[in-house]
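Everything on this sheet refers to the single structure shown next.
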Amino acid sequence: NFPCFCKLPEYEIITEGTCVSHGMTDILDVDLCRAVMDDGYYSTRDQDNDGIIDAYQDYPIPFVTGLPPGCWPVEPGTPGFTTFPFACITPLEDADGDCSANFPCFCLTDSGEPEPAVAAPTIPEPDFAYHVVTDGTCVSHGMTDILDVDECRLAMNHGYYNTRDQDDDGVIDAFQDYPIPVVDNLPPGCWPVEVGTPGFDTYPFACITPLETAVGNCSTNFPCFCKLPEYEIITESTCAAMGYRDILEVEACRGVMNDGYYGSRDQDGNGVVDSEQDYPIPVVDGLPPGCWPVEPGTPGFDTFPFACITPLETADGDCSDNFPCFCNVEGACMDSATWYKNGDPSKDCAWAALHPPRCDAKGWDRTLASYSCPKACGTACLDSTSWVRNRRSTLLSLRRSTKMAIRARTVPG
Numbered sequence: 082n083f084p085c086f087c088k089l090p091e092y093e094i095i096t097e098g099t100c101v102s103h104g105m106t107d108i109l110d111v112d113l114c115r116a117v118m119d120d121g122y123y124s125t126r127d128q129d130n131d132g133i134i135d136a137y138q139d140y141p142i143p144f145v146t147g148l149p150p151g152c153w154p155v156e157p158g159t160p161g162f163t164t165f166p167f168a169c170i171t172p173l174e175d176a177d178g179d180c181s182a183n184f185p186c187f188c189l190t191d192s193g194e195p196e197p198a199v200a201a202p203t204i205p206e207p208d209f210a211y212h213v214v215t216d217g218t219c220v221s222h223g224m225t226d227i228l229d230v231d232e233c234r235l236a237m238n239h240g241y242y243n244t245r246d247q248d249d250d251g252v253i254d255a256f257q258d259y260p261i262p263v264v265d266n267l268p269p270g271c272w273p274v275e276v277g278t279p280g281f282d283t284y285p286f287a288c289i290t291p292l293e294t295a296v297g298n299c300s301t302n303f304p305c306f307c308k309l310p311e312y313e314i315i316t317e318s319t320c321a322a323m324g325y326r327d328i329l330e331v332e333a334c335r336g337v338m339n340d341g342y343y344g345s346r347d348q349d350g351n352g353v354v355d356s357e358q359d360y361p362i363p364v365v366d367g368l369p370p371g372c373w374p375v376e377p378g379t380p381g382f383d384t385f386p387f388a389c390i391t392p393l394e395t396a397d398g399d400c401s402d403n404f405p406c407f408c409n410v411e412g413a414c415m416d417s418a419t420w421y422k423n424g425d426p427s428k429d430c431a432w433a434a435l436h437p438p439r440c441d442a443k444g445w446d447r448t449l450a451s452y453s454c455p456k457a458c459g460t461a462c463l464d465s466t467s468w469v470r471n472r473r474s475t476l477l478s479l480r481r482s483t484k485m486a487i488r489a490r491t492v493p494g
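Under my numbering, the first residue of the sequence shown is numbered 82, with each subsequent residue one higher.
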């Protein structure tokens with residue numbers, strides 16, 4: 082109920098002699114031994130290559146005899162040891178031998194002023210949201226390819242190489258300057274090469290393929306890192322009515338929800354953050370359009386996490402607190418910066434927003450406020466599927482209306 086946070090004592094790591102011969106003190110307490118090793122040794126290693134940093138695992142620390150005194154981890158490759166991570170404590174009366182590169186000893190420093198604290202290395206976070214796909218392409222999943230080397234490295238270091246040591250050198254791959262060449266005839270965009278992929282023998286290794294020379298799809302060997310669209314979450318009306326676009330691709334839907342909703346929830350109480358789980362996202366009918374998670378407690382749902390996508394043509398109802406919709410705001414329709422009511426430049430889109438009947442006003446360019454001010458009027462930014470020219474039953478070419486739309490919706494900058 083009351084877990085205590087303790088400040089670690091100053092320590093040093095030695096690979097020859099003993100702690101005592103260096104004028105320091107042996108660590109003989111299991112919890113203290115684990116704490117200093119997690120701080121200064123296992124914090125950057127994944128010795129069993131299970132995708133989990135060793136410091137986050139409950140590795141064994143048995144008491145042994147006939148080995149160096151005190152507290153020490155076992156370096157991979159040490160004769161007689163096959164399981165890693167693995168560490169030991171040898172009581173002083175049972176010790177034999179010195180510390181070494183295979184058994185680096187952790188010692189408490191006893192004298193002088195403490196050494197200034199050295200900040201642990203950190204992995205920078207990208208300033209954009211991303212999602213990883215192993216089939217299709219970023220574009221086919223409703224996302225954007227990452228084609229900039231620096232952005233590619235940021236994303237992979239944050240979401241792939243931060244838990245891997247593919248060259249087994251004891252350093253997490255994210256802290257290495259691995260190559261990211263630009264290549265042709267492989268999946269588009271930014272992707273690392275999974276260990277064991279035919280034709281590759283150096284790791285860590287990643288690539289970027291320009292779209293115009295790309296061939297094939299993302300896969301488990303070449304998992305693609307895709308940039309998610311900018312999005313908004315709404316709990317009323319619909320994405321289209323707000324001037325946004327619905328997200329209708331499953332992976333893009335999963336990506337934005339993992340970034341902005343499931344990244345901090347554990348709705349099934351299993352101790353695993355929901356974004357780390359492969360929760361279902363079925364395509365359903367008769368519910369709000371687009372991409373939305375189901376809030377726990379929603380009538381008719383008893384399994385969580387759970388999310389859905391509703392195609393626009395079968396949707397019914399609005400987004401809500403129970404079904405918060407994720408909307409793509411990139412390329413969304415914006416209120417015209419130049420529209421105003423014919424004959425009165427002071428009556429612009431902001432004026433129309435104050436009173437719904439004003440959305441029927443005709444502008445100087447002959448467009449209605451409801452068309453040129455979609456956000457102000459809450460109208461969808463979509464071409465009509467039923468509009469025809471007056472007195473004729475044939476569809477009118479959109480050329481004239483397109484020219485008017487460009488003139489009406491041009492936003493400076």
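Even for Gly, the Cβ is constructed at its ideal location relative to N, Cα and C.
Using a Cβ distance threshold of 8 angstroms, residue 207 and residue 232 count as a contacting pair.
Considering only 185, 333, 83 and 393, the residue with the shortest C-alpha distance to residue 93 is 185.
Contiguous alpha helix (DSSP H) elements confined to the segment 215–282 occur at 230–240, taking only those with 4 or more residues. Leaving aside the five residues that flank residue 449 on each side, the residues in its chain whose CB is nearer than 8 angstroms to its CB run, in chain order, 440, 441, 442 and 443. Remark: three or more beta-carbon pairs, one from each stretch, lie closer than 8 angstroms, so the segment 117–130 and the segment 145–156 are flagged as touching.
DSSP, read as helix, strand or coil, puts residue 313 in strand. In terms of CA proximity to residue 295, 270 leads the group 270, 318, 183 and 277. In this structure residue 89 is exposed. Its beta-carbon is surrounded by fewer than 16 other beta-carbon atoms within 10 angstroms. For residue 332, the closest alpha carbon among the candidates 246, 362 and 316 is that of 362. Taking the Cα of residue 168 as reference, the smallest distance to any Cα among 110, 224 and 388 is reached at 110. For residue 122, no alpha helix (DSSP H) encloses it, and the DSSP letter there is neither H nor E. Less than 8 angstroms separates the beta-carbon of residue 430 from that of residue 457.
When only Cα atoms are considered, residue 324 and residue 455 end up about 6 angstroms apart. Note on geometry: alpha-carbon atoms of residue 229 and residue 284 lie some 21 angstroms from one another.
Across the structure, residue 356 and residue 381 are spaced so that their CA atoms are roughly 23 angstroms apart.
Of the other Cβ atoms in all chains shown, fewer than 16 fall within 10 Å of the Cβ of residue 133; this residue is therefore exposed.
Taking each of 137, 161, 129 and 139 in turn and checking the Cα distance to residue 148, the smallest one comes out for 161.
Annotation: residue 127 to residue 392 spans about 43 angstroms, alpha carbon to alpha carbon. Residues of the same chain with a CB within less than 6 angstroms of the CB of residue 327, apart from the 5 flanking positions on each side, are 320, 370 and 371 in chain order.
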